[in-house]
Amino acid sequence: LAFWVPSLNIVFILETDPSHKMAAYILYWEAITVLAGLRWVTSVHQGTEEKPFWVTIQSDSSNTVNMFNSFQALPPYNPILIDSANLLLQCNIDLRVVHIPGSQNSVADALS
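If you want the working numbering, it's the 1-based position in the sequence shown plus 3.
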């Protein structure tokens with residue numbers, strides 16, 4: 004799994020842990036990738052109370068998009084959402100997670 008920062012033309016690649024109890028669930032790794040992207044963004048950018056920093060994440064996984072737009076998930080995913088919410092609040096980030104069809108996501112195809 005990976006995420007790409009187009010403005011910097013940089014890619015971050017994440018290794019999965021096959022021994023993790025959620026290893027068989029791609030949604031888990033997709034959510035971890037979104038969280039990793041948020042952690043990276045908040046390490047270099049923060050908003051202010053008057054002007055939040057806007058972040059848009061594109062995903063070809065509609066389940067991931069729904070999870071982050073509703074902040075609702077099954078219990079095993081809640082720690083990811085809680086960590087994400089804490090980052091958004093602490094750093095005044097306005098997050099949008101949008102769906103991009105896999106057929107239109109040539110970067111994701113190249114990375115996978």
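For glycine and all other residues, C-beta sits at the position ideal for the given N, C-alpha and C.
Taking all protein chains in view, the Cβ of W57 is surrounded by fewer than 16 other Cβ atoms within 10 Å, so the residue is classified as exposed. CA-CA distance, W7 to I60, rounds to 10 Å.
With respect to the C-alpha of L91, the residue from T67, L17 and G50 having the closest C-alpha is G50. Distance from the CA of D63 to the CA of H102, rounded to the nearest whole angstrom, comes to 6 Å. For the 8 Å CB-CB criterion, L30 and N69 do not form a contact. About 5 Å separates the beta carbons of T36 and L4, which is inside the 8 Å limit, making them a contact pair.
The criterion of a C-beta distance shorter than 8 Å is satisfied by A39 and F15.
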